[in-house]
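Below is one structure, written out as C-alpha cells; comments come after it.
Protein chains: 4
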Amino acid sequence: MPLNEEQLQQKRDERREQILSAALKVFARRGLIGAKMSMISEEAGISQGLMYRYFSSKDELFITLVERAIQGSIEGTRQIHQMPGSPLEKLTKLTELILDEEGQLYFLLMHQVRTSDEVPEKAKGLLEYASMDLYIDMLKPVFEEGQKNGELAEGDISELISCYFTVISGLMTLNIPKTQGFQLPRVELLMRIFTRSQ
Amino acid sequence: MPLNEEQLQQKRDERREQILSAALKVFARRGLIGAKMSMISEEAGISQGLMYRYFSSKDELFITLVERAIQGSIEGTRQIHQMPGSPLEKLTKLTELILDEEGQLYFLLMHQVRTSDEVPEKAKGLLEYASMDLYIDMLKPVFEEGQKNGELAEGDISELISCYFTVISGLMTLNIPKTQGFQLPRVELLMRIFTRSQ
Amino acid sequence: MPLNEEQLQQKRDERREQILSAALKVFARRGLIGAKMSMISEEAGISQGLMYRYFSSKDELFITLVERAIQGSIEGTRQIHQMPGSPLEKLTKLTELILDEEGQLYFLLMHQVRTSDEVPEKAKGLLEYASMDLYIDMLKPVFEEGQKNGELAEGDISELISCYFTVISGLMTLNIPKTQGFQLPRVELLMRIFTRSQ
Amino acid sequence: MPLNEEQLQQKRDERREQILSAALKVFARRGLIGAKMSMISEEAGISQGLMYRYFSSKDELFITLVERAIQGSIEGTRQIHQMPGSPLEKLTKLTELILDEEGQLYFLLMHQVRTSDEVPEKAKGLLEYASMDLYIDMLKPVFEEGQKNGELAEGDISELISCYFTVISGLMTLNIPKTQGFQLPRVELLMRIFTRSQ
DNA sequence: CATGAATGAGCCTTCATTCAT
DNA sequence: GATGAATGAAGGCTCATTCAT
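Residue numbers (our numbering), protein chains in the order written: chain A, 277 to 474; chain B, 277 to 474; chain C, 277 to 474; chain D, 277 to 474.
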C-alpha cells in the first residue's frame, strides 16, 4: 500500500535536505573535485545511487548549495533593517549574527567558487549576481544614519561597507572554530574600524 | 660539450624552482586533487615524466610548497625588527608588505591545508609547527613598546596580535586582486583596530 | 467488489501481453542491453516493480519473446498449405504475408539473437531449434509441385528454399518501413528468382 | 632517447588501426551499448586507458567506424565503372565483391545506426548523407546501358537499383558466414531479378 | 637525461533488482 | 497487489605513476 501523496513528498523533502546538508559538509572541506560522491552518500547515510534520484549530478548538487549560500547571505544581511537600536548597535548585532552563525561552511563554498577554476561555469555566474554593490546598497541607509548621528566614522560609505564585508568574509572563510591557533576576534575590536574615534 | 658538475647542479636547481613555481600556481587555484600533474608540467614547460626526477610524488611537491609557505611567513614577520620608525609605523609597514606581496598564493595553499581534509597528514603536521603562538612571540616586543608609548590600544597583547594575524590571513585568503567586487581595505582602516582612539 | 478467480486470471493475462508487447518494441530498437527495464515498464504503462511479478528477469522477458518469434515464424510458414492457388501463387501470397506483417520486430529480435554476443545462451539455443532445415521441409512439397508444373525454376530445391528465406529474412531485418531510402522491393521482382524464365 | 617524429607517427597510426579493428568487431556483435570498452581494449591487446589517447570517447570511436563504413561502401560501389565486361558482368562482379568482402561487420554497424535508438545523433546524420539516391546515381549509367543492350530487365531504373541495394544490404546484414543454417545465395540466383527473361 | 606512451586504480553515473509501505 | 524508493554492482573515463625508447 503506497504512501499518500503528501507523506511521500514530505519524505522526499527531508531526504533532499539530508543530502544537501551532507554535501555541504563534504564540499566545504574538500572542494568540488576532492569531494567524492561516496563520501557524501556515506555522510548522508544513504546509498550512492539514491542521490541521483534527487540530484542529477555532482555539479547540480554543488550549484544548488551555491544558490542557497548566496540567497542566505543576502537574506541575512537584509535582516539588519529589522534590528532594534542605533546604527552601530545594528551593525554590531549583524556582525555577531554572521560570525556566530553556522554559515561558515557556506562561506567556504563561496570561497571555492571565487578562487577555484574547477567549479562549473554556472556557479561562477551565480556569484556574479551577488555582487558587492548589492550588499553596499543594503547597508547604505544604516551607514548614512550612523554617520549622521556621529556613531560611525566619516569617509566614503561604499569603501567602508566594502571593507566591512571583505574583512568579515575573510574571517568566515578562515573557518576558524575548527582551526587551532586562530580564534575569531571579538566584534568590538572589529567595530573600531567603523566607529568614530573620540 | 657536456656541462660540468656545477653547471649541471645549477640547471637542476633552476628546474626545481620552475616546477615549484608552476605547482604553486596550480595548487593554489585548484587544490591538491583538482591540480593535475599534467597541468603543472605544462605550466612548467617540461614533460610529466621529468617531474618525477625532481619530486617523487604529487604529495611531496605539495608538502615542499607548504614548507616554503610556512618558512616564508615566519621570515616575513621577523622582518619587522629591522624596520625603522615607531611601533605603529613598523606594524603599518609590515602589513603593507604582507598585503602587497605576491605571497597570496601561499596563503591560499595554507588555507587549503587548514580547511581541507584531502591534504596529506604531513602537511597538516607542518602547519601545527607554525602555531599562532610563534607569531605572537615575534610581535610581542613591538606591541609592548607601542602600548607603552601610547600609539597602540590598550588590551591583552596576545588577543591583539591574534586578531591582527587572523584579520590579515582572512584578507589574504580571499585572494582579492583576482576577485571582482572585493577590494583590499586600505591599511589605515585596518590599523584603527589597534590604535588608541584619541 | 473483489474480482473473482477467473477475472483475476484474465487481467493477469492481459497485463502479461501488455508487457510483452512493450518489451518487443523496446528490445527490437535497442537490443537486449540497450533496452532499459524502465523504458519497458513505461511503454507498458505500469511500474517497474510490477513487471517482476510477471517476469523474473530481463533475460526471461527476452527469452519469452524469442520463443514467440520462433513459434510465430513456423506457424506463419505452415500456413502456405492452407492457401489456395498454384504453387507460385501460394509462394507469392506467403511472401506478401511475411513482408506485410507486423512481424518485423520479431525479425529484428531474432537478428539480435543470431548476431549478438550479449544474448543469453538459452535464446541462442532456441534459435538452433528453428533450423533452416525445418523451413525447407515445410516448403519442399510446394516447390516440388511448382517445379513439376513448370512454374518454378529448376534447380536444387533445398538451395532455392534456403535462398528464399535468406533473402526474405534479410529484407525483414532491414526493418524497412521506418527507414528512409530503403523500400521493400515489390514481391514480383523477388519472385523472379524462383520462376522459370520463358 | 625518444623516437624520431616519423617513427612515432607511424606507431600511432598502427595503434589507431589496431583499436579501430578491435572496436569494429565488438561493436558489430554487441551494439554500441553492449560493447564494453574493456572488451575492445582486450581485443586490441592494450589497456583501457590507452584507448583514450586515440579516441576521446566510445561515441567518437563508434562514429569514426561509421564514417569508414559509409566511405567504404561508396568507394566500393564506384569501382563498378572500372570493371571490364558488359553491364551484367559488371553488376555480377560488383555483387560478388560486396558479398565476398570482409565488409560484413560494417554492414552490421550501419544496420545498428539505422535501426537503433541508442546511437549518437551524429552517426544518424552521417547515414543520411549516404542516401539511396547517391547509390542510384552511381549505378544508373550501368543499368541504362544494360537495358539498352537487352541484358537487363525493363522497368523503372530507380526501382531496380533500389531493389538491388536493399536485397544486398539485407543479405549482408544477416552476417551469414558465422550463422548456421543461412548461407549466401549464389549470385546467379540473385541476378535473375534484374535480367531479362528469355 | 627527457619524452610521452602505457597502465590500472578509482570515481561518477546508470540501471537491474529488491524491498518497505 | 502495486508503487516507487533504495541498493549496489558494473561501466566509461581520468589521471598519478611507471617504463620503453
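Don't be surprised by glycine CBs; every beta carbon is placed ideally from N, CA and C. The model shown is predicted, which means the values in this text are computed figures rather than measured ones.
Neighbourhood of residue i by C-beta distance below 6 Å, restricted to the same chain and skipping five residues each side
| i | result |
| --- | --- |
| A:Ala320 | Gln294, Ile295 and Ala298 |
| D:Gly307 | Gln388 |
| D:Ser434 | Ile412 |
| C:Glu372 | Val463 |
| C:Leu326 | none |
| C:Pro488 | As displayed, chain C neither begins before 277 nor continues past 474, which places residue 488 of chain C out of reach and without an answer. |
| C:Ala311 | Val302 and Phe303 |
| A:Leu337 | Ala299 and Phe331 |
Neighbourhood of residue i by C-beta distance below 8 Å, restricted to the same chain and skipping five residues each side
| i | result |
| --- | --- |
| C:Gln456 | none |
| A:Arg344 | Leu296 and Tyr382 |
| D:Met315 | Val302 and Arg306 |
| C:Arg472 | Gly426, Glu427, Leu428, Ala429 and Glu430 |
| C:Ile309 | Glu394 |
| A:Ala406 | Ile346, Ser349 and Ile350 |
Beta-carbon contacts of residue i that lie in its chain and below 7 Å, excluding the five residues immediately before and after
| i | result |
| --- | --- |
| A:Pro278 | Note that A:Pro278 scores 48 on pLDDT, short of 50, meaning its location in the model is unreliable and no value can be drawn from it. |
| B:Gln286 | none |
| B:Glu420 | Ile433 |
| C:Lys400 | Val389 |
Beta-bridge pairing of residue i - partner residues as DSSP gives them
| i | result |
| --- | --- |
| C:Thr471 | C:Leu428 |
N- and C-terminal bounds of the alpha helix (DSSP H) containing residue i
| i | result |
| --- | --- |
| D:Ile374 | Pro363 to Asp376 |
| B:Ala399 | Glu397 to Tyr405 |
| A:Phe458 | First-last for A:Phe458: undefined, no H or E at that position. |
| C:His387 | Gln380 to Thr391 |
| A:Ile444 | Ile433 to Thr449 |
Integer-rounded CB distance, given that residue j should sit under 8 Å from residue i
| i | j | result |
| --- | --- | --- |
| C:Arg354 | C:Met414 | 6 Å |
| C:Leu436 | C:Phe470 | 6 Å |
| A:Thr391 | B:Asn451 | 5 Å |
| A:Val443 | B:Pro461 | 7 Å |
| C:Ser438 | C:Met408 | 6 Å |
Closer than 6 Å: residue i CB and nearest the ligand FAD heavy atom
| i | result |
| --- | --- |
| B:Arg305 | As for the ligand FAD, it is missing from this structure, which has no ligand bound. |
Considering only residues of the region 286-345 of chain A, which uninterrupted alpha helix (DSSP H) runs meet the minimum length of 4 residues and lie entirely inside it, listed in chain order? The region 286-345 of chain A contains these whole alpha helix (DSSP H) runs: 313-320 and 324-327.
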